[in-house]
Amino acid sequence: MDHDEARLRIMEDIATVGELTRMVTQRYDAMFAEFYAVLLETLDSASDMADAALTAMSVADAAVDTVRSNFAGQPHFACSKGCSPCCHLFVAVPPGVAEVIAAHVESNFTVIEREKLVLRLEAKVAADAASPTPQLLRTPCALLDDGGSCTVYAVRPLSCRSFTSTSLPRCQQVVFGDNPDGGGVDQNPARYRLYEFATRALEETARRRGLPGQQQGLSAALLQQLAG
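In this note's numbering, the protein residues as written are 5 to 232.
Written as structure tokens, this is what we have:
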């Protein structure tokens, strides 16, 4: 094989792989659009927004697990029980999620545990209301126990499910530290997108039912449900 033939063969091979890569990338992006469309159609038949939220959680969890099982190069997460830096961030929830969490509290918390939770929620809501930028506050979630574990983990918000990290020190620096570079915590792209689309699907489902579609702060939304 002479020089020109070798060059041509290599160039053709690279061009072929490049075209295949473009096709795979387009199909990869279409996968998320399909997820959203199928989930939105499914949520249309939900009995109420709480039922829709439970469905969105279940379908999104299954999708995330399938991605992790079938796509190479998935990272090892540093997240574990009691690891809670991200639980000090402001959390917003789409329609239906607060209702699901409230139902879980009513079914699983004792009267005393519920009363203590309401007090913590009231304090959190007051702190958020007193701040011009509650998104910048670093206060523990009212749903954490004394060991830093989530007391409603099975029904935790979609945004909580989406957030992962490969480095606990990085989380601690971003949440509690000086963080002069202004950077955040790198997220698993597919996982984050799936839960984001699930959130959008709940927002759209609420709007289709003539209900408010915007997200609310978790503490305020949950307190409203428990006090109602």
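Think of the CB as a built atom: it goes at the ideal place given N, C-alpha and C, for glycine as much as any other residue.
**Report entry** Chain-order list of residues whose beta-carbon lies under 8 Å from that of residue 113 (same chain, five-residue window excluded)
**Finding:** Taking the first residue of the sequence shown as position 1, residue 113 is located at position 109. The residues are 121 and 155.
Report task. Following the continuous alpha helix (DSSP H) through residue 68, name the residue where it begins and the one where it ends. Result -> Stepping through the sequence shown from its first residue, residue 68 is reached at position 64. It spans 53-74 - the alpha helix (DSSP H) in which residue 68 sits, taken as one unbroken run.
Query raised in the report: Along the chain, where does the alpha helix (DSSP H) that runs through residue 197 open and close?
Result: Residue numbering aside, residue 197 sits at position 193 when the sequence shown is read from its first letter. Segment 193-212, the alpha helix (DSSP H) holding residue 197.
Query - Cβ-Cβ separation, residue 106 to residue 30 (assumed contact under 8 Å), whole Å - result: Walking along the sequence shown from the start, residue 30 turns up at place 26. Walking along the sequence shown from the start, residue 106 turns up at place 102. About 42 Å separates the two Cβ atoms, so there is no contact after all.
Report task. Note down, in chain order, each residue of its chain lying with its Cβ closer than 7 Å to the Cβ of residue 192, except the 5 sequence neighbours on either side. Result -> Position 188 of the sequence shown holds residue 192. The residues are 79 and 168.
Query raised in the report: Can the beta-carbon of residue 171 be found less than 8 Å from the beta-carbon of residue 195?
Result: Here residue 171 refers to the residue found at position 167 when the sequence shown is read from its first residue. Here residue 195 refers to the residue found at position 191 when the sequence shown is read from its first residue. No, Cβ-Cβ distance for residue 171 and residue 195 is not below 8 Å.
Query raised in the report: Nearest to residue 44 by CA position, among 73, 204 and 159, is which residue?
Result: Here residue 44 is taken as the residue at index 40 of the sequence shown, counted from 1. The residue with the shortest Cα to Cα distance from residue 44 is 204.
Report task. Specify whether the stretch 63-77 and the stretch 136-156 touch according to this definition: at least 3 beta carbon pairs, one from each stretch, less than 8 Å apart. Result -> no
Report task. Can you give me the Cβ contacts of residue 67 inside the same chain, cut-off strictly under 7 Å, excluding the 5 residues immediately before and after it? Result -> Working through the sequence shown from its first residue, we reach residue 67 at position 63. The answer, listed in chain order, is 39 and 198.
Query - Presumed contact (8 Å Cβ cut-off) between residue 93 and residue 179, rounded CB distance - result: In the sequence shown, residue 93 corresponds to position 89, counting from 1. In the sequence shown, residue 179 corresponds to position 175, counting from 1. So it is a contact: roughly 7 Å between Cβ atoms.
Report task. Let me know the secondary structure DSSP gives residue 154 once reduced to three states. Result -> Here residue 154 is taken as the residue at index 150 of the sequence shown, counted from 1. The answer is strand: DSSP assigns residue 154 an E or B state.
Query raised in the report: Can you tell me where the alpha helix (DSSP H) with residue 22 in it begins and where it stops?
Result: As a working note, residue 22 is residue 18 in the sequence shown. 7-47 is the span of the alpha helix (DSSP H), which, as asked, contains residue 22.
Query raised in the report: Quick one: what's got a C-beta closer than 7 Å to residue 54's C-beta in the same chain, skipping five residues either side?
Result: Taking the sequence shown and counting its residues from 1, the one referred to as residue 54 is at position 50. Excluding residues within five positions, the ones whose Cβ falls inside 7 Å are 100, 103, 104 and 107.
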